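Input: a single structure, listed below in C-alpha cells.
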Amino acid sequence: MSERLAVKKTYKLAIGGKFPRSESGRSYQVADSAGEFLANAAWASRKDARDAVAAARKAFPGWSGATAYNRGQVLYRVAEVMEGRRAQFVDEVARGEGLARQRAEKAVDEAIDRWVWYAGWADKIAHVVGSSNSVAGPYFDFSVPEPTGVVAVLAPQRSSLLGLVSVLAPAVVSGNTVVLAASYERPLPAITLSEVLATSDVPGGVVNVLTGRVGDTAPALASHMDVNAIDLAGAAGDTEHAHELELAAAENLKRVVRAPGAEPDWTAEPGLERITAHLETKTVWHPVGI
Amino acid sequence: MAPRLGKVTVLSALDDAHLADVTTSEASLRRFLHGLPGVDEVGAEARAAGLSTRSIKTTAKQFAIDLAISMIDLTTLEGQDTPGKVRALCAKALRPDPTDRDVPRVAAVCVYPDLVGVAAEALAGSGVKVASVATGFPSGRTSLAVKEADTREAVAAGADEVDMVIDRGAFLAGHYRQVFDEIATVKQAAGAAHLKVILETGELATYDNVRRASWLAMLAGADFVKTSTGKVSPAATLPVTLVMLEAVRDFRDASGRQVGVKPAGGIRTSKDAIKYLVVVNETAGEDWLDPDWFRIGASSLLNDLLMQRQKLATGRYAGPDYFTLD
Numbered sequence: 001m002s003e004r005l006a007v008k009k010t011y012k013l014a015i016g017g018k019f020p021r022s023e024s025g026r027s028y029q030v031a032d033s034a035g036e037f038l039a040n041a042a043w044a045s046r047k048d049a050r051d052a053v054a055a056a057r058k059a060f061p062g063w064s065g066a067t068a069y070n071r072g073q074v075l076y077r078v079a080e081v082m083e084g085r086r087a088q089f090v091d092e093v094a095r096g097e098g099l100a101r102q103r104a105e106k107a108v109d110e111a112i113d114r115w116v117w118y119a120g121w122a123d124k125i126a127h128v129v130g131s132s133n134s135v136a137g138p139y140f141d142f143s144v145p146e147p148t149g150v151v152a153v154l155a156p157q158r159s160s161l162l163g164l165v166s167v168l169a170p171a172v173v174s175g176n177t178v179v180l181a182a183s184y185e186r187p188l189p190a191i192t193l194s195e196v197l198a199t200s201d202v203p204g205g206v207v208n209v210l211t212g213r214v215g216d217t218a219p220a221l222a223s224h225m226d227v228n229a230i231d232l233a234g235a236a237g238d239t240e241h242a243h244e245l246e247l248a249a250a251e252n253l254k255r256v257v258r259a260p261g262a263e264p265d266w267t268a269e270p271g272l273e274r275i276t277a278h279l280e281t282k283t284v285w286h287p288v289g290i
Numbered sequence: 001m002a003p004r005l006g007k008v009t010v011l012s013a014l015d016d017a018h019l020a021d022v023t024t025s026e027a028s029l030r031r032f033l034h035g036l037p038g039v040d041e042v043g044a045e046a047r048a049a050g051l052s053t054r055s056i057k058t059t060a061k062q063f064a065i066d067l068a069i070s071m072i073d074l075t076t077l078e079g080q081d082t083p084g085k086v087r088a089l090c091a092k093a094l095r096p097d098p099t100d101r102d103v104p105r106v107a108a109v110c111v112y113p114d115l116v117g118v119a120a121e122a123l124a125g126s127g128v129k130v131a132s133v134a135t136g137f138p139s140g141r142t143s144l145a146v147k148e149a150d151t152r153e154a155v156a157a158g159a160d161e162v163d164m165v166i167d168r169g170a171f172l173a174g175h176y177r178q179v180f181d182e183i184a185t186v187k188q189a190a191g192a193a194h195l196k197v198i199l200e201t202g203e204l205a206t207y208d209n210v211r212r213a214s215w216l217a218m219l220a221g222a223d224f225v226k227t228s229t230g231k232v233s234p235a236a237t238l239p240v241t242l243v244m245l246e247a248v249r250d251f252r253d254a255s256g257r258q259v260g261v262k263p264a265g266g267i268r269t270s271k272d273a274i275k276y277l278v279v280v281n282e283t284a285g286e287d288w289l290d291p292d293w294f295r296i297g298a299s300s301l302l303n304d305l306l307m308q309r310q311k312l313a314t315g316r317y318a319g320p321d322y323f324t325l326d
C-alpha cells in the first residue's frame, strides 16, 4: 500500500457567517516558524474588507440588541467549542510560533481562559462602568454604556491566539460587531477560531475574519466611514503605518486604540481598558413617577 | 450586438400602413398580439445574465452613476406617506447630496395623487418632474370613470407625469380591447402629462405576455412602459426589462414613435442600476440612455449611488450614517 498523501488545506475568509474565497481570487502560502509549508490562506483585498464591514453592520442590531446575559452565554459556548478544538489550536500555535509543545499548550489554555474571563463581563460591565447619577431635580438619571458599532481589529502579528483573543473578545462582548484582520504570518489560529465561531451560536457577521496583508485591508478599514472604531494592536512597532491609519481614522472620528511601540506581553492581567475602549456612554433623564 | 429576437417577424406582420388597422377591433388586436413572435425565455435570461457580467469601472462607472442618478424617479408610495415626508423627498430630489453640488438632480418625484400638490409646490420651477400614480394604483380594480377622475385630479394638482396601472385581470382574461380602451381614455384624460403604463410584469406570468402588454400599451398611446408597481414580487427584473426594451425598439422601427421604459421596484444597488444601463445600451441603443427615455423607479437606490459616488471621489468607503434616511 502506498504512503498516504497529506491533505493540504486552502483556507478561506469568514464573512457574514459564510466562508468565501477572496474576491481577488488570490491566496498565499503560510509557513511555520521553520519555513515549512503549513497551508494556503486567502489573501483578502479591500473589497473583501468592504464586504466584511457590510456584514458586520448588518449583524450589529441583532448582536447589540441581544440581552447581555444571552451574549455571555453565547461566548461561554465559544469557549467550550474552543476547548474541543484544543489539540488543533495547540498544533497551530506550536508550529506557527515555534513554541515547544508544553508552552503552546499553556498559551492555548490561557487563551481559552481569557475568553471565558471576557465572556463573564458581558452582563457585568454595565454595572461597573455605568452609574445611577445624583442630580438636583426629580429625575432618575442613568449613564449606561452602549456598544459603539462596527469595530475593526488588527490582530497582533506575533501572539497568534492569546493576543488574538485578548483583542477580539473585549470588542464583541459588549455587543460590537468586528472585522478582524488576522496576523499575516500566523493566521491559522484566527481561521480556526472563525470556524469555532461559526459552530457556536454566534450569529453570522458578528466576527468577520480577513487573512492576508494587513497593508491591503487596514487602510480601507481605517478610512471606512461605516466603521466606528479601530484597534491597531496589529500595527505594533510600525509607527509610520500606525500613524497613517490614525489619520485615516480621524475622518469620521473613529475611536482608536493606538498601536503600542512593541507587542505587549499578552499574559499580563488584561484589565477593562479594551472593553471600555469600544463603548460609548448614554445618559438618560427619566422623570420620577408618582 | 443584441440578437434581435423576432424583429423581422414583427415588421412583416406590420407593414406601416396597417399599424392603425390593428386596433380597429378586438379580433384584429388579438390577431396582432398573438401573432407577435414568442420570447425565447432561456435566451432572454441568458442574454440578461451575460450582459450583467460586464465590468464597468473608473470613468465609465462615474458616468454611469451620474446618469443613473439623473434617471431616478424618486418614489414614495406608502400608506404612511405624509406631506412632510414628500417635502423631504423633494428636497433630496433637488440636491441629492447636500455636501456636493455636482451631483445631478433626479428625474422626477413619484407620489400618490393626493400628495401631488405638495410635491408640485416643492419642486416648482426646478425642472424635476412630478409623477403621480393613478387609476386605482396598485391593483387598478376600479371603474373606468373612477380611473379617469383619478387621472384628471392628479394632472390638475400639477402632475407632469401619470403612472397608470393596467387591469391585469382583463389582460389575462384576453380582453385586450378593454385594456386598450382604458389606456387610450386615460391618455386622453392625462392631456399634456406624460403617460407611463405599468404592466405589473410580476402578475403577467410569461415573457410572451410582457411583450404583448408592451405592444398593447404602446399602440394605445403610452409614452412609457413601466414594469411594476413595486407592490408585487417579483418586481423589475433584467430579463423582463430586456423584453420591454426590445418591444420599444421594434415599435420605433415600425411606427417611428419612440417610447420610454421604466423598471421599478427591487433595484437597490449601484451595481444593479449599472446592469440596467448596460442592457439599455445593448438592447435599445444609446437613444434610450437619457432620462427622457429611461427611468428607474426607486427610493433606496439613490443613497447607494451617492455612497458609490463618494467612494470614487474620496477613495474611502462611504457609510449610510452620512446620508439622509428615506
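Protein sequence lines correspond, in order, to chains A and B. Residues 1 to 290 in full-length UniProt numbering are what the first sequence spells out, letter by letter. Residues 1 to 326 in full-length UniProt numbering are what the second sequence spells out, letter by letter. Note that CB positions come from ideal geometry on N, CA and C, so glycine has one too. In this text the structure is predicted, and so the values were computed from the model without any measurement.
Are residue i and residue j closer than 7 Å when you measure CB to CB?
i, j, result
"alanine 120(B)", "threonine 151(B)", "no"
"leucine 245(B)", "threonine 201(B)", "no"
"alanine 170(B)", "valine 179(B)", "yes"
"serine 160(A)", "serine 183(A)", "yes"
"valine 225(B)", "valine 261(B)", "yes"
"valine 128(B)", "aspartate 163(B)", "no"
"leucine 51(B)", "valine 197(B)", "no"
"leucine 242(B)", "alanine 49(B)", "no"
"valine 227(A)", "valine 172(A)", "no"
"alanine 193(B)", "alanine 159(B)", "yes"
"aspartate 73(B)", "proline 104(B)", "no"
"valine 39(B)", "tyrosine 276(B)", "no"
"lysine 12(A)", "arginine 4(A)", "no"
"serine 64(A)", "glycine 137(A)", "no"
"glycine 140(B)", "aspartate 100(B)", "no"
Does residue i pass the burial test, meaning 16 or more other C-beta atoms within 10 Å, or should it be called exposed?
i, result
"asparagine 133(A)", "exposed"
"proline 3(B)", "Because the pLDDT at proline 3(B) is just 47, under 50, the model does not fix this residue reliably, and the point stays unresolved."
"methionine 225(A)", "buried"
"threonine 229(B)", "buried"
"serine 27(A)", "buried"
"valine 8(B)", "Because the pLDDT of valine 8(B) is 48, which lies under 50, any placement of that residue in the model is unreliable, and the question is left without a value."
"lysine 92(B)", "buried"
"aspartate 321(B)", "exposed"
"phenylalanine 32(B)", "buried"
"glutamate 269(A)", "exposed"
"aspartate 97(B)", "buried"
"glycine 215(A)", "exposed"
"glycine 256(B)", "exposed"
What three-state label does DSSP hand residue i in the structure shown?
i, result
"methionine 164(B)", "strand"
"phenylalanine 251(B)", "helix"
"phenylalanine 323(B)", "coil"
"tryptophan 266(A)", "coil"
"alanine 68(B)", "helix"
"histidine 175(B)", "coil"
"glutamine 308(B)", "helix"
"leucine 221(A)", "helix"
"histidine 278(A)", "coil"
"tryptophan 285(A)", "strand"
"serine 299(B)", "coil"
"residue 305(A)", "Outside the shown range of chain A, which is 1 to 290, sits residue 305(A), and nothing can be said about it."
"alanine 236(B)", "coil"
"lysine 196(B)", "strand"
"aspartate 231(A)", "strand"
"glutamate 105(A)", "helix"
Of all the options the options, which has the alpha carbon lying nearest to the alpha carbon of residue i?
i, options, result
"alanine 122(A)", "Tyr139(A), Thr67(A), Val179(A) and Glu273(A)", "Thr67(A)"
"leucine 247(A)", "Asp265(A), Glu273(A), Glu263(A) and Pro219(A)", "Pro219(A)"
"valine 7(A)", "Val108(A), Phe37(A) and Glu195(A)", "Phe37(A)"
"threonine 217(A)", "His127(A), Ala268(A) and Ala235(A)", "Ala235(A)"
"leucine 289(B)", "Arg249(B), Leu19(B) and Lys129(B)", "Arg249(B)"
"threonine 227(B)", "Arg101(B), Ser139(B), Ser214(B) and Lys275(B)", "Ser214(B)"
"valine 155(B)", "Val116(B), Glu182(B) and Arg168(B)", "Val116(B)"
"glutamate 240(A)", "Arg258(A), Ala54(A), Glu251(A) and Ile230(A)", "Arg258(A)"
"cysteine 90(B)", "Ser126(B), Ser55(B), Lys57(B) and Gly79(B)", "Ser126(B)"
"valine 206(A)", "Ile275(A), His127(A), Gln73(A) and Ala55(A)", "Ala55(A)"
"lysine 18(A)", "Asp141(A), Thr148(A), Leu168(A) and Leu210(A)", "Leu210(A)"
"valine 128(A)", "Gly271(A), Gly25(A) and Gly204(A)", "Gly271(A)"
Determine whether the Cβ of residue i lies closer than 7 Å to any Cβ atom of chain D.
i, result
"methionine 225(A)", "Note that chain D does not occur in the displayed structure, where the protein chains are A and B."
> Which whole runs of the beta strand (DSSP E) in the region 31-86 of chain A are 3 residues long or more, in chain order?
Replying inline: Complete beta strand (DSSP E) runs here, min 3: 37-42.
>> As an exercise, report each continuous beta strand (DSSP E) stretch of at least 3 residues that is fully enclosed by the region 105-171 of chain B, in chain order.
In response: Counting whole runs of 3 or more residues, the region 105-171 of chain B contains the beta strand (DSSP E) stretches 108-111, 129-134 and 161-165.
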